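Just so you know, the protein sequences line up as chains W and S, in that order.
Following the working numbering, the residues of the first sequence are numbered contiguously, the last one being 239.
Following the working numbering, the residues of the second sequence are numbered contiguously, the last one being 239.
Notes follow once the structure below has been shown.
2 protein chains.
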Amino acid sequence: MTNGSIAAPRAVVLLSGGLDSATTLAIAREMGFECLALSFDYGQRHKIELQAARRVAAALGARDHRIVKFDLRQFGRSALTDNIDVPKNRPLEKMGGEIPITYVPARNIIFLSFALALAEVSDCRDIFIGVNALDYSGYPDCRPSFIEKYQEMAAAGTKTGAEGGSIRIHAPLISMTKAEIIQRGVALEVDYSLTLSCYDPDDQGRHCGACDSCLLRRKGFQEANVQDPTEYAPLEIRS
Amino acid sequence: MTNGSIAAPRAVVLLSGGLDSATTLAIAREMGFECLALSFDYGQRHKIELQAARRVAAALGARDHRIVKFDLRQFGRSALTDNIDVPKNRPLEKMGGEIPITYVPARNIIFLSFALALAEVSDCRDIFIGVNALDYSGYPDCRPSFIEKYQEMAAAGTKTGAEGGSIRIHAPLISMTKAEIIQRGVALEVDYSLTLSCYDPDDQGRHCGACDSCLLRRKGFQEANVQDPTEYAPLEIRS
Chain W
1 MTNGSIAAPR
11 AVVLLSGGLD
21 SATTLAIARE
31 MGFECLALSF
41 DYGQRHKIEL
51 QAARRVAAAL
61 GARDHRIVKF
71 DLRQFGRSAL
81 TDNIDVPKNR
91 PLEKMGGEIP
101 ITYVPARNII
111 FLSFALALAE
121 VSDCRDIFIG
131 VNALDYSGYP
141 DCRPSFIEKY
151 QEMAAAGTKT
161 GAEGGSIRIH
171 APLISMTKAE
181 IIQRGVALEV
191 DYSLTLSCYD
201 PDDQGRHCGA
211 CDSCLLRRKG
221 FQEANVQDPT
231 EYAPLEIRS
Chain S
1 MTNGSIAAPR
11 AVVLLSGGLD
21 SATTLAIARE
31 MGFECLALSF
41 DYGQRHKIEL
51 QAARRVAAAL
61 GARDHRIVKF
71 DLRQFGRSAL
81 TDNIDVPKNR
91 PLEKMGGEIP
101 ITYVPARNII
111 FLSFALALAE
121 VSDCRDIFIG
131 VNALDYSGYP
141 DCRPSFIEKY
151 QEMAAAGTKT
161 GAEGGSIRIH
171 APLISMTKAE
181 IIQRGVALEV
191 DYSLTLSCYD
201 PDDQGRHCGA
211 CDSCLLRRKG
221 FQEANVQDPT
231 EYAPLEIRS
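Right under this line is the structure:
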């Protein structure tokens, strides 16, 4: 950053505080980026995930961490924002076949749009998002074709693009299994006890152990042969 | 699209309260859409434009009008959100050559993303935006190539698209001059006295008459041979 030294390039990293986005931040750092973490207070039922995002941003050395606030509850129709039950103990083989009720309409599209705005004002051309298409293909905004089209749109619609620069949307986890993600993160010394993946945590931020996200996380640690540091809510209080 | 049903199809219409978006709403109505107007309280310096949006939505028969709130000031770098002087009395031929200081990074990208979310939860596949590439080519997010790429991205990243539906981003003004837009609006009985185009209005919502947007608006009425109903702030208080 000082004159005469070679400044590290900057990247915006979308950070939910979950396992995937924490690993993504660690990967961006390892690639040499100075990272501007970006999270959203969007009316999610469990704002405790923002505490996880703060812990992760600090632990993994993000240069800055912004939280943008808006309210997707006014649009509704998702178990993550509305009073709709989060599905529990679904068989893993059932995931990915259809778009789940936990899908928040256009959420990643909105998140990436704010990332583009922050990238434009921060003179950075790299954006990282921790989407993952293999373990969980039910969300349309996690597919490789979406990321590719988003990048083309960003080149057409931003000042950076209009001035001939390119904007790269990095989705380093997109073709990794959950186990591979965890192994990569462990190699980068990510402390997964700081992360929160659960769609329905208790007040203390402990995982429910039964929603799709918890089931995939647990299976990931097992398959990665990594000890699972996740704190689960006691069985008797799980819904 | 109606599949034999007699209900009018719905469309989301981005509505700033300016001349262009008011005309766009009138066009969408004339095409037979039931219109969900969508505006943003995004930290713009002149929130009085939201009053214009409300007036226009009501006058032009929008079925619903939502205002989504977030704060782009936390990103900064635009004369429309920050304490940066809005340029005044620029020669018209200078507009369009470069990206102006009134450009708000990724603004239309963000606006369209919320429109997509509203469209998804409202079962509508049509989104209208009043961008215009001819009169004012300085904004990258007003170019036809941007709209085209946005539409492709939306097909790839939404539930509607994943289920085989198409999402149409309509930009009916994109190749019209300001005079043509006004003539079209007059034919559709748009009351332009309700609209506010100015980047720097006074407290009473009167136009400054000197910013790029006012200059283009005034020239548009002249060239359209339509009496200009715009209320301008008295000269002595204009900056």
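No residue lacks a Cβ here, since even glycine has one placed at the ideal position from N, Cα and C.
Because the structure is a prediction, the values reported are computed rather than measured.
- The beta-carbon distance between P144 (chain W) and D212 (chain W), rounded to whole angstroms, is 21 angstroms. This is too long to meet the 8 angstroms contact definition.
- In the DSSP annotation of this structure, the continuous segment of the alpha helix (DSSP H) that includes D212 (chain W) starts and ends at 212 to 224.
- Secondary structure at D141 (chain W): helix, using DSSP grouped into helix, strand and coil.
- Non-local beta-carbon contacts of A8 (chain W) in its own chain, meaning distances under 7 angstroms to residues more than five positions away in sequence, involve G32, F33, E34 in chain order.
- Rounded to the nearest angstrom, the gap between the Cα atoms of G164 (chain W) and I110 (chain S) is 21 angstroms.
- Annotation: D85 (chain S) to F75 (chain S) spans about 17 angstroms, alpha carbon to alpha carbon.
- Taking every protein chain shown into account, the CB of G61 (chain S) has fewer than 16 other CB atoms within 10 angstroms, so this residue is exposed.
- For the stretch 163 to 199 of chain W, the continuous alpha helix (DSSP H) assignments of 4+ residues that do not extend past its boundaries occur at 178 to 187, in sequence order.
- At the C-beta level, L196 (chain W) and G185 (chain W) stay beyond 7 angstroms of one another.
- As summarised for the stretch 14 to 84 of chain W, the continuous alpha helix (DSSP H) elements at least 4 residues long and confined to that stretch are 19 to 30, 48 to 59, given in chain order.
- With respect to chain W, the C-beta atom of V86 (chain S) has no partner C-beta closer than 7 angstroms.
- Straight-line measurement puts the Cα of H207 (chain S) at about 7 angstroms from the Cα of D200 (chain S).
- Apart from the 5 residues on each side of it in sequence, D191 (chain S) sits with its Cβ closer than 8 angstroms to the Cβ of A59, P229 in its chain, given in chain order.
- Comparing alpha carbon positions, the residue from S:G130, S:V104, S:S122, S:L134 closest to L19 (chain S) is S:G130.
- Around T158 (chain S), the same chain offers L116, E120, I167 as residues with beta carbons nearer than 7 angstroms, after the five sequence neighbours per side are excluded.
- For I127 (chain W), DSSP records a beta bridge to W:V12, W:I169.
- Within the stretch 41 to 61 of chain S, not one residue has a Cβ closer than 7 angstroms to any Cβ of chain W.
- Here K149 (chain S) is buried: its Cβ has 16 or more other Cβ atoms, across all protein chains shown, within 10 Å.
- Against R143 (chain W), the close residues of chain S are A156, G157, A162, in the order they occur along the chain (beta-carbon pairs closer than 9 angstroms).
- Identification of residues in the stretch 109 to 122 of chain W having a C-beta nearer than 7 angstroms to some C-beta of chain S yields I109, I110, S113, F114, L116, A117, L118, E120, V121, given in sequence order.
- Chain S places no beta carbon closer than 7 angstroms to that of G32 (chain W), leaving this residue out of the contacts.
- Here Y232 (chain W) carries a strand assignment [DSSP, helix/strand/coil].
- Using a Cβ distance threshold of 7 angstroms, V68 (chain W) and F114 (chain W) count as a contacting pair.
- The beta carbon of P140 (chain W) sits closer than 7 angstroms to some beta carbon of chain S.
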